[in-house]
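Chains as they are written, first to last, in this note's numbering: chain U, 98 to 249; chain F, 98 to 249.
Think of the CB as a built atom: it goes at the ideal place given N, C-alpha and C, for glycine as much as any other residue.
Predicted, not measured: the structure shown is a model, and the values here were computed from it.
This report refers to the structure that appears directly beneath it.
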């Protein structure tokens, strides 16, 4: 293998490590808890706004719906590693099984992200019936994870 | 004016009103406070990560830098109306002047958004010297608003 190839591989390894590190770095367990709770709180506000539009409690405005859905999709990329910080099931609503059954937890998280991506696609398409159905599926995928891994 | 023109104008008015409403709707003062504090907390985490890369405390990875800067720019669009909810200067670090001097507060908020937009542009360009200088200006524009409108 020549020097350039080695350099490229080493750069790639450093990049992947550093990118992971940038997401995962929390100095304290409480920082991870505060971070994920803040993400979920903002996300919840905007998901609630989507719900109000879907149910006709506020006027349905396609652009506003897409803007809120896009924000939910962006925020939903953030909190998962913070849920995997050891000890962060103490002093929070997170069940210990979220850590001990990491693969299942992350599977539900990915399913949630997939459903929200479909909701955003439906928002862009703009058909209210498609949006309603995608919103229901997205909400169900939130609930699936909460039911398993959030304390009642 | 013909009927179509009226319909177009009325639709536009409803859209603008509804879009404003979607952003501003907080059932309780505490909801507005929690929302803006959560936004600022997430934003602070990612701005801190940018700072760590700028200062060389973590490896500088352009893609990760851009990702974090993009997130900060997105989050920075959200909290301003929540800072303008009457009574929300009680039980929070917000000074009453943020409400009584709304125009100046929003001017500093817009300046902050402008500097972060420049930081994101610098991140995309990828020159570390430009990024450093834009990061400094963005940080100064955060501080300008905090100095005036956040309690010590």
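Legend entry - CB contact check: residue 185(U) to chain F, cutoff 7 Å: Working through the first chain from its first residue, we reach residue 185(U) at position 88. Chain F, which has no Cβ nearer than 7 Å to the Cβ of residue 185(U), makes this no.
Inset, instruction - Look up residue 131(U) in the DSSP assignment and say whether it is helix, strand or coil. - result: Working through the first chain from its first residue, we reach residue 131(U) at position 34. Reduced to three states, the DSSP call for residue 131(U) is helix.
Legend entry - Cβ-Cβ distance between residue 146(U) and residue 165(U) below 7 Å: Translated into the one-based positions of the first chain, residue 146(U) becomes position 49. Translated into the one-based positions of the first chain, residue 165(U) becomes position 68. Yes.
Inset, instruction - Report yes or no: is there a C-beta of chain U within less than 7 Å of the C-beta of residue 246(F)? - result: Position 149 of the second chain, counted from the start, is the residue given in the question as residue 246(F). No - not a single Cβ of chain U is within 7 Å of the one on residue 246(F).
Legend entry - For residue 192(U), the three-state DSSP class (helix, strand or coil): For the purposes of this step, residue 192(U) is taken as the residue at position 95 of the first chain. Three-state result, residue 192(U): coil.
Inset, instruction - Could you give the DSSP three-state label for residue 247(F): helix, strand or coil? - result: Counted from its first residue, the second chain places residue 247(F) at position 150. Residue 247(F): strand per DSSP, three-state reduction.
Inset, instruction - Indicate the three-state DSSP secondary structure (helix, strand or coil) for residue 157(F) in the structure shown. - result: To locate residue 157(F), count along the second chain from 1; it is residue 60. Residue 157(F): coil per DSSP, three-state reduction.
Inset, instruction - Return the residue from the list 242(U), 243(U), 129(U), 240(U) that minimises the CA-CA distance to residue 183(U). - result: Stepping through the first chain from its first residue, residue 183(U) is reached at position 86. Selected option, being the one with the closest Cα: 129(U).
Inset, instruction - Could you tell me whether the Cβ of residue 136(F) comes closer than 7 Å to any Cβ of chain U? - result: As a first step, residue 136(F) must be located in the second chain, where it is residue number 39. Yes, because at least one Cβ of chain U sits closer than 7 Å to the Cβ of residue 136(F).
Legend entry - CA-to-CA distance, residue 150(F) to residue 247(F), given in whole angstroms: For this step, residue 247(F) is matched to residue 150 along the second chain. For this step, residue 150(F) is matched to residue 53 along the second chain. Their Cα atoms are separated by approximately 27 Å.
Inset, instruction - With distances taken Cα to Cα, identify the nearest neighbour of residue 245(F) among 212(F), 226(F), 202(F). - result: For the purposes of this step, residue 245(F) is identified with residue 148 of the second chain, where counting begins at 1. It is 202(F) whose Cα lies nearest to the Cα of residue 245(F).
Inset, instruction - Please decide whether residue 139(U) counts as near chain B, where near means a Cβ-Cβ distance under 7 Å. - result: The chain inventory of the structure shown lacks chain B, comprising the protein chains U and F.
Legend entry - Exposure label - residue 176(F); buried when at least 16 CB within 10 Å: In the second chain, the residue the question calls residue 176(F) occupies position 79. Counting Cβ neighbours within 10 Å, residue 176(F) comes out buried, since at least 16 surround it.
Inset, instruction - Determine the DSSP secondary structure at residue 113(U), reduced to helix, strand or coil. - result: On the first chain, residue 113(U) is found 16 positions in, with the first residue counted as 1. Reliability of the predicted coordinates at residue 113(U) is poor, the pLDDT of 46 falling under 50, and no value is obtained from them.
Inset, instruction - Could you check what DSSP says for residue 119(U) in three-state terms: helix, strand or coil? - result: Walking along the first chain from the start, residue 119(U) turns up at place 22. Residue placement at residue 119(U) cannot be trusted, given a pLDDT of 38 that sits under 50; the coordinates are not used to answer.
Legend entry - Cβ neighbours of residue 157(F) in the same chain (closer than 6 Å, five flanking residues each side left out): For the purposes of this step, residue 157(F) is taken as residue 60 along the second chain, with counting starting at 1. These residues qualify, in order along the chain: 150.
Legend entry - Whole-angstrom C-beta distance between residue 235(F) and residue 205(F), which should lie under 8 Å: Residue mapping note: residue 205(F) aligns to position 108 of the second chain, counting from 1. Residue mapping note: residue 235(F) aligns to position 138 of the second chain, counting from 1. Incorrect: roughly 13 Å between the Cβ atoms, too far for contact.
Inset, instruction - Report yes if the CB atom of residue 220(F) is closer than 7 Å to the CB atom of residue 154(F), and no otherwise. - result: Within the second chain, residue 220(F) is the residue found at index 123, counting from 1. Within the second chain, residue 154(F) is the residue found at index 57, counting from 1. No.
Inset, instruction - Answer with yes or no whether the minimum CB distance from residue 145(U) to chain F is below 7 Å. - result: If you number the first chain from 1, residue 145(U) lands on position 48. Answer no: the Cβ-Cβ gap between residue 145(U) and chain F never drops below 7 Å.
Legend entry - Simplified DSSP assignment, three categories, for residue 222(F): As a working note, residue 222(F) is residue 125 in the second chain. DSSP places residue 222(F) in helix when its eight states are reduced to three.
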